[in-house]
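Protein sequence lines correspond, in order, to chains A and B. When we follow numbering that gives the first Met the number 0, the leftmost residue of the first sequence carries the number 0, and every step to the right adds one. When we follow numbering that gives the first Met the number 0, the leftmost residue of the second sequence carries the number 0, and every step to the right adds one. See below for the structure under consideration.
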Amino acid sequence: MKPIIKVGIWIMGLALVVAVPMAQVVAAEQAAPANAPANAPANANVNVNKFNRLMKTKEERNLPPSQDGIHDPAGEGANLLQPPRDAFGSLPTSTSGNYIDWVKALGENKITPRYDRLNPKEEAVVFDLDIVREVKGSMPDVVYPHDRHTMWLDCSNCHPDIFVPEKGKNQISMAQILMGQKCGVCHGKVAFPVSECRRCHSKKKEAAAAKPSGGK
Amino acid sequence: MAVRRFRERFIRYLLVVALLAGGWMMGWSQEAKAEYGDIVINNASDKAGMRPAIFPHWFHRIRFRCKVCHADLGFKFQAGGNQINMLKIIDGEFCGACHNGEIAWSVENCDVCHSGKPGTPTQVHGSTVQKLLGGSKAAPVGK
Numbered sequence: 000m001k002p003i004i005k006v007g008i009w010i011m012g013l014a015l016v017v018a019v020p021m022a023q024v025v026a027a028e029q030a031a032p033a034n035a036p037a038n039a040p041a042n043a044n045v046n047v048n049k050f051n052r053l054m055k056t057k058e059e060r061n062l063p064p065s066q067d068g069i070h071d072p073a074g075e076g077a078n079l080l081q082p083p084r085d086a087f088g089s090l091p092t093s094t095s096g097n098y099i100d101w102v103k104a105l106g107e108n109k110i111t112p113r114y115d116r117l118n119p120k121e122e123a124v125v126f127d128l129d130i131v132r133e134v135k136g137s138m139p140d141v142v143y144p145h146d147r148h149t150m151w152l153d154c155s156n157c158h159p160d161i162f163v164p165e166k167g168k169n170q171i172s173m174a175q176i177l178m179g180q181k182c183g184v185c186h187g188k189v190a191f192p193v194s195e196c197r198r199c200h201s202k203k204k205e206a207a208a209a210k211p212s213g214g215k
Numbered sequence: 000m001a002v003r004r005f006r007e008r009f010i011r012y013l014l015v016v017a018l019l020a021g022g023w024m025m026g027w028s029q030e031a032k033a034e035y036g037d038i039v040i041n042n043a044s045d046k047a048g049m050r051p052a053i054f055p056h057w058f059h060r061i062r063f064r065c066k067v068c069h070a071d072l073g074f075k076f077q078a079g080g081n082q083i084n085m086l087k088i089i090d091g092e093f094c095g096a097c098h099n100g101e102i103a104w105s106v107e108n109c110d111v112c113h114s115g116k117p118g119t120p121t122q123v124h125g126s127t128v129q130k131l132l133g134g135s136k137a138a139p140v141g142k
């Protein structure tokens, strides 16, 4: 009997040695409230049949850095950084990305980002030319507005590396864009993502408009 | 009598350990809710024992047009694709063009940039590529 008890005590000791640091890790994780909703499957407090369970609720968007899951709440920096909501308060909203309509925010002078690193007064060189790209399939044609892009970017950002500045010289597919190429170098990373179909596919097809639906 | 009590306790301990381990693993697999376009740069940080650096695009685009960094300062459109190191920064390249104590706060504020959870891979947070290729394991894709 006695050796069995000894072994039992040893195993309990080992279990304690394993459990204590783990409990500390768990406690540290739970200290960051952002982690709480994500624990949903294991956590009885969270509604497993939440409506639209894969979508972020308004409360889960634009979280402060200490709660956003990639900043380390144990570091000083996470608490010094500005929470996005503080900055976004007065900006026009959108339905994806940061949930901010950045082009509108700039157009309405809600933000005044510098065009030059040092000179806050330098004006952007805006180039106003719309490019229409006829697309295959049923989707409306794409209108690419240079003006909204040159408000932010320089010509050299896109030409000639990403887009050859010549009509008909650029093959673009949604697959490329989804994989972060062509328009997807920015759209789907920092600019609005491809879920906003109609913001690019915005021009009704002339042929399709004339034809009855489902035409030959 | 004593043996049975020990067995019960032992099983209880095992259960607690299993639950804690489960919770711990859940904690790691959870989806982060950081800001769209946040760039995690972990080319060298983990190896050097620093937290990975996080660049918040949203904060910077309120203050600068894309052109300032991506045309004038030569930042490529690729997370982890710019060979940035602290020497270049203190010599005024990349982040150091502004983070020099004149335009923006200087390099002594290590923790403000190096604020990521250790082990977070280089990524464009919330990007379509990341979603398609599965979590933060997805390699960033260039142009």
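Virtual Cβ for every residue (Gly too), placed ideally from N, Cα, C.
Item: Proximity of residue 140 of chain A and residue 132 of chain A at Cβ, strictly below 8 Å; Value: yes
Item: Rounded straight-line distance, which links the Cα of residue 90 of chain B to that of residue 85 of chain A; Value: 33 Å
Item: The beta strand (DSSP E) enclosing residue 144 of chain A, as first and last residue numbers; Value: 140-144
Item: Buried versus exposed call for residue 133 of chain B [16 or more other C-beta atoms within 10 Å across all chains shown]; Value: exposed
Item: Beta carbon proximity, residue 141 of chain A to chain B, threshold 8 Å; Value: no
Item: Sequence-distant residues of the same chain with beta carbon closer than 6 Å to residue 127 of chain A, five excluded per side; Value: 146
Item: Helix, strand or coil at residue 26 of chain B [DSSP, three-state]; Value: Only weak support is given to the placement of residue 26 of chain B: the predicted model assigns it a pLDDT of 41, under 50, and the question is left unresolved by the model.
Item: Exposure label - residue 118 of chain B; buried when at least 16 CB within 10 Å; Value: exposed
Item: Cβ neighbour criterion (16 or more within 10 Å) applied to residue 181 of chain A; Value: buried
Item: Nearest-angstrom Cα separation, counted from residue 31 of chain B out to residue 143 of chain A; Value: 33 Å
Item: Start-to-end residues for the beta strand (DSSP E) that takes in residue 59 of chain B; Value: No beta strand (DSSP E) holds residue 59 of chain B; the alpha helix (DSSP H) holding it covers 56-60.
Item: Cβ-Cβ distance between residue 88 of chain B and residue 106 of chain B below 8 Å; Value: yes
Item: Burial state of residue 51 of chain A (16 or more Cβ within 10 Å); Value: exposed
Item: is_contact[residue 105 of chain B, chain A] using C-beta, thresh 8 Å; Value: no
Item: Beta-carbon separation (whole angstroms), residue 65 of chain B vs residue 152 of chain A, contact threshold 8 Å; Value: 5 Å
Item: Residue 102 of chain A classed as buried or exposed, judged by whether at least 16 other C-beta atoms fall within 10 angstroms; Value: buried
Item: Cα-Cα separation between residue 28 of chain B and residue 68 of chain A, rounded to whole angstroms; Value: Because the pLDDT at residue 28 of chain B is just 38, under 50, the model does not fix this residue reliably, and the value given afterwards should be weighed accordingly. C-alpha separation (whole angstroms): 11 Å.
Item: Listed by chain order, chain A residues near residue 89 of chain B by CB distance under 7 Å; Value: Per Cβ cutoff of 7 Å: no residues; residue 89 of chain B is ~17 Å from chain A at best.
Item: Proximity test, Cβ basis, 8 Å: residue 118 of chain A and chain B; Value: no
Item: CB contact flag (residue 84 of chain B, residue 33 of chain B, <8 Å); Value: no
Item: Residue 38 of chain B and residue 128 of chain B closer than 8 Å at C-beta; Value: no
Item: Inside the segment 64-131 of chain A only - alpha helix (DSSP H) runs reaching at least 4 residues; Value: 76-79, 83-87, 101-106
Item: Proximity test, Cβ basis, 8 Å: residue 153 of chain A and chain B; Value: yes
Item: Closest residue to residue 176 of chain A among A:83, A:47, A:162 (Cα-Cα distance); Value: A:162
Item: Below-8 Å beta-carbon distance, residue 9 of chain A vs any chain B residue; Value: no
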